[in-house]
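Asker: One structure is given below, represented as structure tokens, and several questions about it will come after.
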Amino acid sequence: MALSNEDLLAISNVVQAQVEPLKQEVRDMRLLLENDVLPRLNTIESCYTSTYHRYASGINQLDAIQTDVDILKKVVSEHSEKLQKLA
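Quick look at the structure:
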């Protein structure tokens, strides 16, 4: 059984009627992503990135401070021993 042009036109109209709301929803989602979600994600990303860089440089400073404290402990301990011997 072959479909007539009228049948094909009717099917096309039904499909088109179902597709149009989907197109509108996709358009709305794209606008939401572009205007709301992506700018927020960019803001979050920049906050995390700057925090990461601060922490990364802070780790180097912390390592240096720990090294200094270890040296100070050793020197103070040696000086304490020398002072004990002198007393």
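In the numbering used here, the protein residues as written are 90 to 176.
All C-beta atoms, glycine included, are put in the ideal place defined by N, C-alpha and C.
1) Would you kindly report the start and end of the unbroken alpha helix (DSSP H) that includes Asn94?
2) Cα separation between Asp159 and Thr138?
3) Give the straight-line distance between the Cα atoms of Leu98 and Val104, rounded to the nearest whole angstrom.
4) Look up Ala153 in the DSSP assignment and say whether it is helix, strand or coil.
5) So, helix, strand or coil for Ala91, using DSSP?
Answerer: On the basis of the supplied data:
1) Reading the sequence shown from its first residue, position 5 is the one you call residue 94. 94 to 121 is the extent of the alpha helix (DSSP H) around Asn94.
2) Residue mapping note: residue 159 aligns to position 70 of the sequence shown, counting from 1. Residue mapping note: residue 138 aligns to position 49 of the sequence shown, counting from 1. Near 32 Å, if we compare the C-alpha coordinates of Thr138 and Asp159.
3) As a first step, residue 98 is located in the sequence shown; it is residue number 9 there, counting from the start. As a first step, residue 104 is located in the sequence shown; it is residue number 15 there, counting from the start. In this model, Leu98 and Val104 are separated by some 10 Å (Cα to Cα).
4) Position 64 of the sequence shown holds residue 153. Collapsing the DSSP output to three states places Ala153 in a helix.
5) Reading the sequence shown from its first residue, position 2 is the one you call residue 91. Ala91 falls in the coil class under three-state DSSP.
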